[in-house]
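Novice: Chains as they are written, first to last, in our numbering: chain A, 1 to 227; chain B, 228 to 551.
1. Rounded to whole angstroms, what's the CA-CA distance from residue 551 of chain B to residue 468 of chain B? Just pull it up for me.
2. Work out the CA separation of residue 317 of chain B and residue 356 of chain B for me, nearest whole Å.
3. At a cut of 8 Å, does the stretch 367–380 of chain B reach the stretch 306–320 of chain B through at least three beta carbon pairs?
4. Taking Cβ to Cβ, would you say residue 147 of chain A is nearer than 8 Å to residue 366 of chain B?
5. Go ahead and pull the three-state DSSP assignment for residue 2 of chain A.
6. Skipping 5 residues on each side, what residues in its chain have a beta carbon closer than 7 Å to that of residue 230 of chain A?
7. Considering only residues of the same chain and omitting the five flanking positions on each side of residue 309 of chain B, which have a CB-CB separation below 7 Å?
8. Can you list, in chain order, the residues of its chain with a C-beta nearer than 8 Å to that of residue 229 of chain B? Leave out the 5 residues immediately preceding and following it.
9. Could you compute how far the alpha carbon of residue 226 of chain A sits from the alpha carbon of residue 368 of chain B?
10. Do the CB positions of residue 243 of chain B and residue 236 of chain B come within less than 8 Å of each other?
11. Figure out for me which residue from B:370, B:372, B:413 has the closest Cα to the Cα of residue 391 of chain B.
12. Using 7 Å as the cut-off, classify the Cβ of residue 392 of chain B as near or not near the heavy atoms of the ligand COA, replying yes or no.
13. Among the candidates B:296, B:533, B:461, B:265, whose CA atom is the shortest distance from the CA of residue 486 of chain B?
14. Taking residue 528 of chain B as part of the beta strand (DSSP E), name the residues at either end of that continuous run.
15. Quickly, what does DSSP pair residue 291 of chain B with across the bridge? List them, please.
16. So, helix, strand or coil for residue 13 of chain A, using DSSP?
17. Pairing CB atoms from the stretch 117–132 of chain A with CB atoms from the stretch 49–69 of chain A, are three or more of them under 8 Å?
18. Output, in chain order, the set of chain B residues within a Cβ distance shorter than 7 Å of residue 145 of chain A.
19. Name the residues in the stretch 275–308 of chain B whose C-beta lies less than 9 Å from a C-beta of chain A; which are they?
20. The alpha helix (DSSP H) that contains residue 335 of chain B, what's its start and end?
21. Taking Cβ-Cβ distances below 8 Å as the criterion, which residues of the stretch 335–357 of chain B are in contact with chain A?
22. Measuring CB to CB, does residue 38 of chain A end up less than 8 Å from residue 158 of chain A?
23. Around the Cβ of residue 17 of chain A, are there at least 16 other Cβ atoms within 10 angstroms (buried) or fewer (exposed)?
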């Protein structure tokens, strides 16, 4: 029980809530790092996934290529990211971590967005095309609204993975909540270590819950009605 | 509503090949303006492929399709489709849009002003028998199968197209609703004067709705004729079989009592016989006469005697049909 007592004591120490090494700053750093990584992954993955989903082309290949990202160990990516970032003069910390996180975020986004678009009833899409909607209009006003909950669930998976993995950034001198874990380990300050782990877990759960709510809110009105 | 002229549609040697298979082989026919042409045949005969070539959801391999003399292949497909109504079996209604939004699809694409769209939506909803006030904001999932089909038809008619393509639009509803939808559709089509190309695998539906019926088999057009002609003179054994062994009776349902040659009225014989209105179909007249055991029945147009119809006369009409 002393461990738990230590944890509570550490968390209730006002010193740990202040300054550039305090909990609020680290949480914000964590959100910033994760959010930016997911955003980059979205910008890369979404257009490709939507295009492939709409045309039905090469979906098998796209999903398999995306899944390679899942197979790559994040620690290895971090090492690569470090080398790339340093050679581009982007420094330590933030950028190497982003390079490691983006490949982690891409697979669920691609897979879900592709499937979301493919799963839209082909009769509905054919009717839309037959009435003279352009391909872009079909995607924008039919396929994306109908597939939105599934698309968002992919982004949710990506975001939760990224939030959980962003702790690695501390290994390459980054900030964020990983700092508490890495420093806690190095200094054998287990109260700090546990607090870091707890905060990351809470943030991941919060991400999961808020995206879940967003998914439910985006189910199109006509699909929610009781028959 | 103003009388609108439908378009004349002409297919010339239209062919669709998929690799080595020929799905539609040199299909040629003309649909006069304001008429319903029904493509009918067993599954895989190429009827749906033919329909979908008209609005270029499928590109023909060769041949020409002319709408009012204009080759559709010269047009931008998206622009072309906005001028052609399109209805499919599962309606393809957009589940995330209300009834009003669904009906407004093409007018919105064409950039009609808001007031005009709303007026048109209300007009169409009344035409298909849905109360705009009550139903406008409903979603497709809240409608019955028949209502969904009606909305599908209204949506296709919204921008006043001169041509509508319908792919088994009434196949997914039960027989009673189907019959009602068919009658409503005929009324609407006559009122609006739209040309229609209609695909079905149901020969009875083809005979009921078609001004012309195109019987297809294995990608070929086997016969193209008005329904009565099809029933009286099937082009070959396939058509004869396809229209059914009861084709004589089917033909009777296309003829009215007033439209056949009648015998002079012999009042003595007609005592107690049922009186037939001249607009009654021969098939119904036959049923009435058989059930009342009358050999002859007087035909009346309002309060005027036109003559007498006899069972022998009906028999003669039936025998005319028999292939030589």
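Beta carbons are placed, not taken as given, at the ideal position from N, Cα and C, and that holds for glycine. Just so it is clear, the structure is predicted and the values come from calculations on it, not from any experiment.
Specialist: Reading from the atomic positions:
1. Note that residue 551 of chain B scores a pLDDT of 41, beneath 50, so its modelled location is shaky; the value from the coordinates is reported in the next line. In a straight line, the C-alpha of residue 551 of chain B is about 15 Å away from that of residue 468 of chain B.
2. 20 Å
3. yes
4. no
5. helix
6. Lying before the first or after the last residue shown, residue 230 of chain A is absent from chain A, which here runs from 1 to 227.
7. 333, 336, 337, 386
8. In this predicted model, residue 229 of chain B has a pLDDT of only 42, less than 50, meaning its place in the structure is not dependable; the value taken from the coordinates is given anyway. Closer than 8 Å at Cβ, skipping near neighbours: no residue.
9. At residue 226 of chain A, the pLDDT of 48 sits below 50, so the modelled position is not reliable; the number obtained from the coordinates is stated separately. The alpha-carbon atoms of residue 226 of chain A and residue 368 of chain B are separated by roughly 8 Å.
10. no
11. B:413
12. Because no ligand of any kind appears in the structure shown, any question about the ligand COA cannot be addressed here.
13. B:533
14. 523–528
15. B:239
16. coil
17. yes
18. 323
19. 279, 282, 284, 304, 305, 306, 307, 308
20. 332–336
21. 336
22. yes
23. exposed
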